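Residue numbers (this note's numbering): 5 to 450.
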């Protein structure tokens with residue numbers, strides 16, 4: 005049981021790599037984390053700029069000592085954003101952007117049932133890439149309504165690479181270079197997987213262990229938001245190949261639900277829980293329900309969909325099974341916000357799948373006004389994308405979330421350009437979730 009959620013400030017706000025710093029007008033925008041050794045942790049994040057809405061940039065990693073909020077040992081580039089990508093081969097250059105990085109794998113030195121884990125120290129990280137046009141006269145990024153819709157349809161893909169923690173535990177080594185992710189058996193054809201889909205996008209949650217020995221992981225994707233039948237979701241199975249020493253995408257489930265995006269997975273005992281963001285809710289003035297599904301077989305028949313009356317949200321939704329075994333939902337709800345705000349505060353609910361996914365025991369994760377975040381009202385604010393990072397043991401677990409101004413350098417967004425003070429406050433913040441007793445970590449070590 006959660007006894008307390010204590011905000012702890014910024015977990016990752018600044019990147020030190022050339023072209024990705026605060027002075028380059030960038031901040032840490034989306035993040036996931038993974039334990040890669042007994043006392044080594046990797047944060048994988050995308051940087052973000054202020055040239056327009058969703059100015060997502062490069063994929064960066066930080067190797068940290070002791071915990072997710074520990075000392076930075078090494079920082080490096082995984083995928084760099086560029087502004088000269090001719091993806092349509094028309095001579096019109098665009099930005100190559102990246103978002104929603106998601107790592108998975110078994111830590112170095114981990115043991116399962118008293119034996120070394122067969123896939124230990126092999127990690128994969130996936131992310132979405134897409135193209136965006138920049139207005140050459142203003143330097144501002146065009147949104148989807150101002151640009152060629154085929155730019156997004158033709159450029160969106162999931163990329164991945166694989167890495168290991170080096171022998172000295174002071175950096176990572178790339179063992180599979182960056183490539184477009186395709187299901188095994190679909191490496192060369194137009195189709196990239198066995199599902200009848202055209203394009204795939206990446207949700208914000210990371211894959212989870214699927215079997216007991218850590219050689220299979222399950223993630224999710226959402227498909228075809230730029231085609232008819234907008235918004236479909238499915239589960240993806242990743243399997244470790246002992247001959248190559250790498251993970252492969254080996255299976256795709258049937259389409260689980262339509263009219264939704266950004267799925268999130270959680271394991272609750274022997275049951276899989278799926279949540280997703282309804283496309284219709286994003287356009288509703290006061291939001292809409294979260295779509296929920298429950299199944300014992302992610303790759304079997306599609307489960308029934310439940311849409312409870314609370315919460316109602318227009319924001320991203322993420323679910324996690326906490327270290328104490330409880331199912332938690334992280335999102336916003338303007339209907340209960342003391343400021344009638346769609347993305348402030350960020351809340352956490354306990355979810356009971358056995359009672360039609362009723363949401364109860366609401367807790368505030370972060371309230372920007374009470375915390376004194378120096379983002380001006382006229383610049384807008386978004387406190388969102390809350391998630392529990394994989395637990396490493398003890399009675400506290402790290403909860404990461406984003407804080408950013410809504411305003412950009414383009415004054416057309418909100419009527420005012422974003423200020424330097426507001427920019428400096430943007431980043432990934434975190435809190436420590438305290439439980440009423442110590443909980444085992446996800447992994448054991450010899």
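Ideal placement from N, C-alpha and C gives every residue a C-beta, glycine not left out. Small disclaimer: the values here were computed from a predicted structure and weren't measured.
Can you tell me where the beta strand (DSSP E) holding residue 134 begins and where it ends?
Segment 126 to 136, the beta strand (DSSP E) holding residue 134.
Same chain, Cβ closer than 8 angstroms to residue 372, five either side skipped, listed in chain order
Closer than 8 angstroms at Cβ, skipping near neighbours: 348, 349, 379, 385, 387 and 407.
Local conformation of residue 436 per DSSP, three classes:
Strand.
Could you please give me the residues that DSSP links to residue 405 through a beta bridge?
BP columns for residue 405 point to 433.
Ignore the nearest five residues each way along the sequence and tell me which others in residue 197's own chain have a CB closer than 6 angstroms to its CB.
Cβ within range, chain order: 187, 190 and 256.
Taking just the CA atoms, how far does residue 268 sit from residue 363?
Cα to Cα, the separation comes out at about 16 angstroms.
Please report how far the alpha carbon of residue 325 lies from the alpha carbon of residue 309, in whole angstroms.
In this structure, the straight-line span from the alpha carbon of residue 325 to that of residue 309 is close to 20 angstroms.
Assuming residue 318 contacts residue 286 under a Cβ cut-off of 8 angstroms, what Cβ separation, rounded to an integer in Å, is found between them?
With a Cβ gap of about 5 angstroms, residue 318 and residue 286 count as contacting.
How would you label residue 51, buried or exposed, when you count the other beta carbons within 10 angstroms and need 16 or more for buried?
Within a 10 Å sphere around the beta-carbon of residue 51 sit 16 or more other beta-carbons, which makes this residue buried.
Which term fits residue 266, buried or exposed, when burial requires 16 or more other beta carbons within 10 angstroms of its beta carbon?
Residue 266 should be labelled buried.
Can you tell me where the alpha helix (DSSP H) with residue 290 in it begins and where it stops?
Element bounds for residue 290: n/a, residue is neither H nor E.
When the Cα atoms are used, what is the spatial distance from residue 34 to residue 48?
If you take the alpha carbons of residue 34 and residue 48, they lie about 8 angstroms apart.
If you run the structure through DSSP and keep just helix, strand and coil, what is residue 425?
In this structure, residue 425 counts as helix in the three-state DSSP scheme.
6 angstroms CB neighbourhood of residue 276 in its chain, flanking five on each side removed
Closer than 6 angstroms at Cβ, skipping near neighbours: 299 and 302.
Would you say the segment 84 to 98 touches the segment 140 to 157, given that touching needs at least three Cβ pairs under 8 angstroms?
Touching, yes, given that three or more Cβ pairs across the two stretches are closer than 8 angstroms.
Segment contact, 8 angstroms Cβ cut-off, at least three pairs: the segment 395 to 413 with the segment 422 to 442
With the cut-off at 8 angstroms, the segment 395 to 413 and the segment 422 to 442 touch.
Considering only residues of the same chain and omitting the five flanking positions on each side of residue 180, which have a CB-CB separation below 7 angstroms?
These residues qualify, in order along the chain: 165, 166 and 250.
With 16 other Cβ atoms within 10 Å as the buried cut-off, status of residue 122
Exposed: under 16 other Cβ atoms inside 10 Å.
Fully enclosed by the segment 325 to 394, which beta strand (DSSP E) runs are 3 residues long or longer?
Correct list: 331 to 335, 350 to 356, 362 to 370 and 385 to 392.
Measuring only the C-alpha atoms, how far is residue 3 from residue 63?
Lying before the first or after the last residue shown, residue 3 is absent from the chain, which here runs from 5 to 450.
Let me check one thing: in DSSP terms, what residues is residue 183 bridge-paired to?
Note: residue 183 sits in a beta bridge opposite 164.
Residue 153: first and last residue of the uninterrupted alpha helix (DSSP H) it sits in
Boundaries of the alpha helix (DSSP H) around residue 153: 153 to 159.
Going by C-alpha distance, which of 422, 147, 243 and 226 is nearest residue 260?
Measuring C-alpha to C-alpha distances from residue 260 to each of 422, 147, 243 and 226 identifies 226 as the nearest.
Which residues share a DSSP beta bridge with residue 451?
Given a span of 5 to 450 for the chain in the structure shown, any question on residue 451 remains unanswerable.
Taking residue 258 as the reference, which of 176, 27, 304 and 113 has the closest Cα?
Of 176, 27, 304 and 113, the residue nearest in Cα terms is 304.
State buried or exposed for residue 192, treating a residue as buried only when at least 16 other CB atoms are found within 10 Å of its CB.
Exposed, by the Cβ-count rule.
Evaluate the contact criterion for the segment 25 to 32 versus the segment 109 to 129: three or more CB pairs, one atom per stretch, below 8 angstroms.
Contact fails: fewer than three Cβ-Cβ distances are below 8 angstroms.
Pick from 368, 214, 223 and 444: whose alpha carbon is nearest that of residue 274?
For the residues 368, 214, 223 and 444, the minimum Cα distance to residue 274 belongs to 214.
Exposed or buried, which one is residue 104 when buried takes at least 16 other CB atoms within 10 Å?
With 16 or more neighbouring CB atoms inside 10 Å of its own CB, residue 104 falls in the buried class.
Using DSSP with H/G/I as helix, E/B as strand and the rest coil, what is residue 147?
Reduced to three states, the DSSP call for residue 147 is coil.
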